[in-house]
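Going by my numbering, the first residue of the sequence shown is number 4, and it counts up by one from there. Structure record follows, encoded as structure tokens.
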Amino acid sequence: MQVKNTTYYDDSTLKRWIEDDSLTEVLNKRADAIRKEIYGDKVYVRGLIEFSNICKNDCYYCGIRKSNYHVERYRLSEEDIISCAKLGYKLGYRTFVLQGGEDGYFTDDIMVDIVKKIKALHDDIAITLSLGERSYESFKRLFEAGADRYLLREETSDKDHYQKLHPSSMSFENRRDALRKLKEIGFQVGGGFMVGSPYQTTESIIKDLRFLEELQPAMIGIGPYMTQHDTPFKDFPNGSFEMTLRLVSILRILFPYALIPATTALGTINPLGRERGLQAGANVLMPNLSPTMVREKYSLYDNKICTGDEAAECRACLELRIKNAGYQIVTDRGDVITYDKKTRRYS
Ligand code: 5AD
Ligand code: FES
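Encoded structure:
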């Protein structure tokens, strides 16, 4: 079993794979075979807790950007967050993803406390954080408190493109540095990008793939760009479903060992999107564990699925859907295959 890819695929091959709609099926099949060889038919599930939609950033594509005054803002209390994790454990989840906007309320002291309390509930839990950019010291404290993984999509690896997606207060270099720091500290790191975001070109996607080859993240999350009607990008169309599926497969081919989710955005753009994502090489699902009352408010983009059987409570419906697609949900932490439990590091 070859966990890491050793073949070099040149830019023209990648370009063809990214652009050619007639290749979707071939690439999906090839990726599925690789995934089966390494991870079998296992699908890892993560309980997603979207604990705050308050954000100091103003990314032009994002529905919870600070300048969107149409969003009703919320912040879960520490008790609520821990209750979500307790409920999730009962439902069979062993990884909790704490995701929020860059909300200054959640200082290091508060986050460290939450991480420690959740980890103390059971000894077979993993915690993934998705809190945006923080300092090296902050990341380190969170890791030492017991957080295992950190998701921070690079969004794009093309500097010009980055500057078209973000206001000048946000820095392309800081984003990439943050990912490198997280990896150095020992987190299982997740990068990723949107497919079909405004001004994206095939060349910029190839730059992403090259950046990821350098970073070798444990996890890679991609989904189609989805229009949000209250953002400066409201007139740009959704990204392509087919291209996203091909990119999931390309990721599996380039990063055989990686944990790759079939994302909510993929499930929003197409009703069978997550099943198709799994068949294209993805091996992770992240159902929503947030309290029902706040789910609609975490509206990164229009029509985001949030109350149907993607919800974490509906474990039985989810299991059935996944089984019908040819896979099997498993109840364990689902670390990346190269992870060493003793050192808490992966290679
Ligand atoms: N469409 C798709 N994905 C989006 N994200 C933010 N806004 C959108 C959108 N309009 C993604 C970003 C971010 C993640 C939390 O959600 O990639 O990193
Ligand atoms: Fe940057 Fe939401 S404001 S992703």
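For glycine and all other residues, C-beta sits at the position ideal for the given N, C-alpha and C.
In its own chain, which residues sit with a C-beta less than 6 Å from the C-beta of residue i, not counting the 5 before and 5 after it?
i	result
Gly-276	Leu-269 and Gly-270
Phe-214	Ser-160
Ile-209	Asp-14 and Leu-17
Ile-332	Val-46, Val-48, Glu-322 and Ile-325
Gly-135	Glu-105
Glu-245	Asp-24 and Thr-27
Asp-335	Arg-97
His-169	Cys-62
According to DSSP, is residue i part of a helix, a strand, or is it coil?
i	result
Lys-344	coil
Arg-68	coil
Ser-55	strand
Thr-98	strand
Asn-273	coil
Val-118	helix
Asn-306	coil
Glu-216	helix
Val-74	coil
Ile-263	coil
Gly-50	strand
Asn-291	strand
Gln-166	helix
Lys-237	coil
Lys-45	strand
Glu-354	Here the chain covers residues 4 to 350 and nothing more, so residue 354 does not appear.
Tyr-92	helix
Tyr-139	helix
Thr-230	coil
Asp-61	coil
Ser-86	helix
Leu-17	helix
What does the Cβ neighbour count give for residue i, buried or exposed, with the cut at 16 atoms within 10 Å?
i	result
Ile-113	exposed
Glu-158	buried
Asn-31	buried
Cys-309	buried
Pro-240	exposed
Report all residues from its chain with a CB closer than 8 Å to the CB of residue i; omit the five preceding and five following residues, and keep chain order.
i	result
Leu-26	Arg-19, Trp-20 and Arg-249
Met-4	Glu-40 and Ile-41
Leu-257	Asn-8, Tyr-12, Leu-212, Leu-215 and Glu-216
Asn-327	Glu-278
Tyr-301	Glu-53, Asn-56, Ile-67, Ser-293, Lys-307 and Cys-309
Rounded to whole angstroms, how far is the Cβ of residue i from the Cβ of residue j, which I believe are closer than 8 Å?
i	j	result
Tyr-2	Phe-236	Outside the shown range of the chain (4 to 350) lies residue 2, about which nothing can therefore be said.
Asp-211	Phe-196	5 Å
His-66	Thr-234	The sequence given here places Gly at residue 66; His does not occur at that position. The Cβ separation is near 6 Å, so the contact holds.
Asn-273	Arg-279	7 Å
Just grab the DSSP bridge partners of residue i for me.
i	result
Ile-37	Ile-37 pairs with nothing; no bridge assigned.
Ile-225	Phe-196
Thr-131	Val-100 and Arg-152
Gln-191	Arg-152
Ala-314	Asn-291
Val-333	Tyr-47
Glu-158	Phe-196
Tyr-12	DSSP, once it has assigned bridges, lists no residue as partnering Tyr-12.
Tyr-349	Tyr-342
I'd like the list of long-range same chain contacts for residue i, defined as Cβ closer than 7 Å, with 5 residues on each side in sequence excluded.
i	result
Leu-124	Ala-88, Lys-89 and Tyr-92
Arg-156	Gly-194, Gly-195, Phe-196 and Gly-224
Tyr-260	Val-6, Lys-7, Ile-41, Val-339, Ile-340 and Thr-341
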